[in-house]
Amino acid sequence: MRSALVAAIGLAVLAVLPVPAAALPGPTPAIQARAPGPSHGHDPHNDRRGPVRRTPVVQARAPGPSHGHDPHNDRRSPVVQARAPGPSHGHDPHNDRRAAAVQRGPQKREQQLIPAVQDVTHLCPLSMSACPISSSVPLSLMEWIEQGFECVDLSEDLNSCGGCGSVDTQFDCTAIPNALAVSCVVGGCHVDSCKTGYAIAADSKTCVSALA
């Protein structure tokens, strides 16, 4: 009975006394809006889109020769085909003889540039002939050069008219006996005058006695 009375008195006291402000609920603080930005929290849309795959960044580099497979090389590469065995290219003794013949070829041509004995006309200009200075006929080209020779016009030279007068005097018009004036006409001696007591022969090649 006493405890109920005390409780009733306590409630009456509480009703009369003012309630502290701290015990009462205050106004709700105002929330300010801010600019939208990328959300770093959980986004339910990402769950539906699936995991995001990041594309690796590929840096460009200077072009260089490719070391990979090039189909053009397949066409460029020569196809090596087996061939039938052929003659060996080793040492051939026949080639030595052929090479020696080739080397002798130019020397032979050089020797042909020097006229043979019967081609002594090559020693003098055209229209002239070579006559030896000595009375003997050279037997070789070397003798022609060693003994000496002269180039004469056999068609009009008085000492070699129609031939070499050094070898045969019949070609030397100046050797005609008793002749005073002579000439060489087209390779033949011609007597123009004779000594006193001699007359020109009928063929004009010699002098005959006028007393005969």
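Here the sequence shown stands for residues -23 to -1, 1 to 189, where the numbers follow mature numbering (1 follows the signal peptide of the UniProt record, and there is no 0). Built from N, CA and C at the ideal position, the CB exists for glycine as well.
Query: Note down the Cα distance separating residue 153 from residue 118, rounded to an integer number of angstroms.; Result: 32 Å
Query: Please name the residue in 109, 163, 145, 126 whose C-alpha comes closest to that of residue 134.; Result: 163
Query: With a cut-off of 8 Å on the beta carbons, I'd call residue 143 and residue 110 a contact; round off their distance for me.; Result: 6 Å
Query: Under the three-state reduction of DSSP, which class applies to residue 122: helix, strand or coil?; Result: helix
Query: Hey, could you find the ends of the beta strand (DSSP E) residue 177 is sitting in?; Result: 175 to 177
Query: In the structure shown, what three-state DSSP assignment does residue 152 receive?; Result: helix
Query: For chain B, is any of its Cβ atoms less than 7 Å away from the one on residue 106?; Result: The structure shown contains no chain B; it holds only a single protein chain.
Query: In this structure, what does DSSP give as the bridge partners for residue 187?; Result: Its beta-bridge partners do not exist; DSSP assigns none.
Query: With respect to the beta strand (DSSP E) encompassing residue 170, which residues constitute its N-terminal and C-terminal limits?; Result: 165 to 171
Query: The beta strand (DSSP E) spanning residue 106 covers which residue range?; Result: 106 to 109
Query: Where residue 126 and residue 172 are concerned, what is the direct C-alpha to C-alpha distance, given to the nearest angstrom?; Result: 33 Å
Query: In chain order, what residues of the same chain lie with their CB nearer than 7 Å to the CB of residue 85, ignoring the 5 residues before and after it?; Result: Its pLDDT being 42, under 50, residue 85 is placed unreliably by the model, and the measurement read from it follows with that caveat. Taken in chain order, the list of residues that qualify is empty.
Query: Quick one: is residue 112 buried, meaning 16 or more other Cβ sit within 10 Å of its Cβ, or exposed?; Result: exposed
Query: Using beta-carbon positions only, say whether residue 169 and residue 160 come within less than 7 Å of one another.; Result: yes
Query: Cα separation between residue 102 and residue 128?; Result: 8 Å
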